[in-house]
Amino acid sequence: MAAGGKINLRSEERQLSFKVSAKAARLIGRENVANAEGAIVELVKNTYDADADVCLIVLAKRFETLPKSASVEDYRWLRSHIPNLDDFYNFDGSQYALQDKLTAEEHEVTAAILRSSLDLWIIDNGKGMSPDIIEKYWMVIGTNFKEENIFSDEGRVRTGAKGIGRFALDRLGTFCSISSTKQTVSEPQSILWTVDWSAFEGAGKILDDVKAILIETDRTVKATIESIREFPSISAHFTEPDRAKPWATGTAICVSGLRDPWVNKDVEHLFKSLSALVPPDEQRPLSIYLFDARNPDSFGEVLSSAPSDFDYKLSASVSADGCIDLEVERNELTVSSIIPEFFELPDMQESRFRRETFELGSYVYSTSIIELFPQASDEFVDTMRKVGPFDFTLLFYKRSIPSRQDRERYPYRSFQAGPRAKWLDERGGIKIYRDDFVVRPYGEPGGKMFDWLGLGQRVAANPAPASRKGWRANPQNLAGTIRISRATNEGLTDQSNREGLIENDTFRAFTALILRLIREFENDRSHVFSNLLEAFKLRRPIEVAKTEAAVVADKIEGEQTAPSREDAVTLLLGYRAQQEEIQELKTEQGMLRALATLGTVLVSFSHEMGQLQTSLEGRTQTLERVLQRLISKASLEGVSEAMNPFAMLKDWEGIDQKIRQWFSFALSSVKADKRRRRAIALKDHLVTVENAWKDFLSSRQIALHVSFSSDYDPVLRAFEIDLDSIFNNLILNSVEAFILRSHAGPRQIAVDVSPDGASMVLITYTDSGPGIDASYRNVSQIFNYGETTKTGNNGMGDGTGIGMWILDSVVNEYRGSVEAFRPSSSWGFKAEIRLPNTKVGINA
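So the sequence shown is numbered by the numbering used here: it starts at 399 and just counts up by one.
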């Protein structure tokens, strides 16, 4: 470099072009497509894009024994399977002739090789390709033709867009030839295109060095198809396309030197995979057939259908503006066998739960993205709208026959479990279809993305049965189809390796919406089954059965006599009632175990947390005093707050205050005396609650007011930690409603305590927040395990969904009741809690 930074040029500047290594073709094809099935799917999609209505996939034998004469092309094929072929043939300048010197053993060995050596044909009757199309589009890597021309001549939405699908041929085999006929303005035009993919291998090769061969020929695609040895037997198994000139146009791809053995189990798996290629029960524009020359009667037309005896079906149509139309079909119960008490329950008075709706079998309703995600940010709602319109169908099937005990509680419709389970094992899962073709690998049984929605994790977190509200469906019981389109769902784009969609913000919003729609079905089923169980209990009260059984047991034990038949029935009913109660307690125990673990961890670290709480107090003031010895506040005049250390310390002090408050709550909840049942004066307890929350609420401009009826001082015999669970969960929900929903009005919480008759305490809790979301068609849903309306940045449930469930469980444990109310002009959220007044002294 010369002085002054000037560059001395030793030669004139040159413009350089990028060169692509021939290895790139192998990376795009053989190493980019995960398996042979994926490669075949890509090529079948190309036949759809070509407006074909028939696609044949044929595993054909080219020769049974060594031919007496072979063309150059056939000889190359033979040599790829029999390395020492030169020992058996002579070349006469135009073709190869078989010598007569082969022994019987050599004939037998070569025949065995040829019988197992196959060509893979993919044949369609589409529009075909002309020399111009081959040169301008087929030979251009990454062409954007389908991107710019979304619709085919016959109006189909083209499935491809990357322009690399043809390289799937390299994944299938070494050699490839394509015969194609296209109708031009004047006459049909036929071509033959061949390539040797092994030519792309070798050090130093660039893509321009590798050539494919294109020939214009008089041999039509129909003649090529009819030259396949197995075509006469194949044609007997399918109906030729109903066109004026069947096979007048189309494309026949032949792949040889196959890279996979294609044993029978591989072909069977391909057949099953192809059956999932298009949505079930649809009028398919493309008929697909699979034939194997080694097993001519084993395969045929690829059909896709779902068992019609589903238990539940949810159909959802999401429009571009975010409106959603839903239909729920119930097919699980024998309606005529449902006991009358079921329809008389308070929870069953909504129109969708009335007998006439059950007899009809289905109901429809409409909602919207905003109603389903009331807590989501505007940004997330906008992202979800960008997903675009799509249709979703969900089917639920029980896999096994319910127990006799369950059949007594729930009037199940009879069904055959075996065929259901087999179909679910082979074709279950929730799949995505883009323009009538499956997007792999979502929902593939046995695949790593079978449960791509994480439904199994939801079940593990909430293993409750369907009779408990908040039940979650097991993915092994579900089958579903989600239908999207390139034309309307631009944000859902394929990965370049065709192994799924790019997981961007749009995809995450799409996933959140699917999960929320599944919850609509889950809420309906658990609501029905929980009330069926409640009606069953009303008809056969558990406590009565247990009491009567205990009396009979005491009588038998005292008299030491054999029980009568009537006594035996009473004992049986008592035993079953006890078992039901035990099972419910076991279910609840499983859900509480995880919470108990968290509590144990909290207790284990309580000492350390106490020390941290102490160390946080006053540390910012100490730091400020030390800092003032080094820097005066006056010297920082004009410095922005973001860079001013004293301003930083002030911010830290606020953060420390919040952390100390959290530690205070956590430590107070694990005190040993709170885990002992004793008589508690409710008035004193609520004063303690007020003091505990005072600083936390005041820093957020929230007022808490507690009032009691005149001279009313109820006493509850309870665990203090249980009362904390009631009030802390209510207050915490109110705080989050005020803050997370950006509530603009006053922030007030009121707790009013009054007598409810002689023996019950009525606690009325209200706040001035927005109240229960309108998305809840039944307000009692808020007490379900795992129920939450809080959403994170991705729109997924961000809350634990256990706060109100714990409250409900605690109240029920004390033989009380809780009822929530929708917003009114007098309150935002309101709950009425009734607990028994023990009427004992404080020191009892």
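We put the CB at the ideal spot given by N, CA and C, even for glycine.
Within 10 angstroms of its Cβ, does residue i collect 16 or more other Cβ (buried), or is it exposed?
| i | result |
| --- | --- |
| V665 | buried |
| L759 | In the sequence as presented, Leu is not what sits at residue 759; that position holds Gly. That one is exposed. |
| G883 | Contrary to the premise, residue 883 reads as Ser rather than Gly in this sequence. Buried, by the Cβ-count rule. |
| S734 | exposed |
| N902 | exposed |
| G571 | buried |
| K791 | For clarity, residue 791 is Thr in the given sequence; the question names Lys instead. Buried, by the Cβ-count rule. |
| K1048 | exposed |
| F489 | exposed |
| G553 | exposed |
| A601 | exposed |
| F1181 | buried |
| S1108 | exposed |
| T1248 | Lying before the first or after the last residue shown, residue 1248 is absent from the chain, which here runs from 399 to 1242. |
| K609 | exposed |
| S1223 | exposed |
| M527 | buried |
Please work out which residues of its chain come closer than 6 Å, Cβ to Cβ, to residue i, disregarding the five sequence neighbours upstream and downstream, and give them in chain order.
| i | result |
| --- | --- |
| Q893 | I900 |
| L1160 | S1152, D1154 and R1232 |
| I1147 | L1102, S1132 and D1165 |
| I520 | L441, I455 and I651 |
| R856 | R870 |
Going along the chain, which residues of its own chain have a beta-carbon closer than 8 Å to the beta-carbon of residue i, five neighbours each way excluded?
| i | result |
| --- | --- |
| R797 | A815, R818, A819, L822, Q874 and N875 |
| R1213 | P1234 |
| R1220 | G1169, I1170 and V1177 |
| D719 | R783 |
| R657 | R428, A434, R569, L570, G571 and T572 |
| G878 | F790, T791, L792, L793, G827, I828, K829 and G841 |
| L675 | V439, V442, I686, V700, S702, F835 and V836 |
Can you find the residues in the same chain that come closer than 7 Å, C-beta to C-beta, to residue i, ignoring five residues on each side of it along the sequence?
| i | result |
| --- | --- |
| L1130 | G1201 |
| V1238 | Residue confidence is low: V1238 scores 42 on pLDDT, short of 50, so the model does not pin down where it sits. Its coordinate-derived value is still stated next. A1077, V1113 and R1115, listed in sequence order. |
| R474 | none |
| Y761 | V726, R750 and T755 |
| G1193 | Only weak support is given to the placement of G1193: the predicted model assigns it a pLDDT of 49, under 50, and the value that follows is read from those uncertain coordinates. Contacts found: F771, A774, F778, M782, A907 and A910. |
Determine the direct distance from the alpha carbon of residue j to that of residue i, and round the result to whole angstroms.
| i | j | result |
| --- | --- | --- |
| R917 | V442 | 35 Å |
| T755 | F740 | 14 Å |
| L463 | L496 | Looking at the sequence shown, residue 463 is not Leu but Thr. In a straight line, the C-alpha of T463 is about 11 Å away from that of L496. |
| S467 | I613 | 23 Å |
| A885 | P529 | 29 Å |
| E725 | E920 | 13 Å |
| P1234 | S1157 | 6 Å |
| D346 | A907 | The chain is shown from 399 up to 1242; residue 346 falls before or after that span and cannot be answered. |
| P863 | S928 | 9 Å |
| K1228 | V836 | 48 Å |
| S1132 | L672 | 53 Å |
| S1173 | E769 | 5 Å |
| S1033 | W1091 | 40 Å |
| S1096 | P1144 | 13 Å |
| G889 | V1037 | 45 Å |
| R963 | F934 | 23 Å |
| A960 | R938 | 25 Å |
| R923 | L731 | 11 Å |
| L851 | Y1183 | 20 Å |
| K670 | V452 | 18 Å |
| R866 | H925 | 8 Å |
| D695 | G436 | 25 Å |
State the start and end residues of the unbroken alpha helix (DSSP H) segment that holds residue i.
| i | result |
| --- | --- |
| E806 | R802 to R807 |
| V1087 | L1080 to S1096 |
| I768 | I767 to L770 |
| R866 | Neither: R866 is in no alpha helix (DSSP H) and is coded neither H nor E. |
Output yes if chain D places a C-beta closer than 8 Å to the C-beta of residue i; else output no.
| i | result |
| --- | --- |
| L770 | Protein chain content of the structure displayed is limited to a single chain, and chain D is not contained in it. |
Which residue comes first and which comes last in the beta strand (DSSP E) that contains residue i?
| i | result |
| --- | --- |
| R1213 | First-last for R1213: undefined, no H or E at that position. |
| K609 | Unbroken run through K609: none, as it is neither H nor E. |
| L1028 | Per DSSP, L1028 belongs to no beta strand (DSSP E); it is in the alpha helix (DSSP H), R1017 to L1028. |
| T909 | That residue, T909, is in no beta strand (DSSP E); its alpha helix (DSSP H) goes D903 to R937. |
| Q587 | P586 to D594 |
Should the segment 843 to 854 be called in touch with the segment 758 to 777, which here means at least 3 C-beta pairs below 8 Å? Contact between the segment 843 to 854 and the segment 758 to 777 is absent, because fewer than three Cβ pairs lie under 8 Å.
If we count Cβ pairs, one from each stretch, closer than 8 Å, do we get three or more for the segment 798 to 813 versus the segment 1202 to 1214? Segment contact: the segment 798 to 813 against the segment 1202 to 1214, fewer than three CB-CB distances shorter than 8 Å; contact not assigned.
Is the number of C-beta pairs between the segment 447 to 466 and the segment 616 to 635 that are closer than 8 Å three or more? A contact exists between the segment 447 to 466 and the segment 616 to 635.
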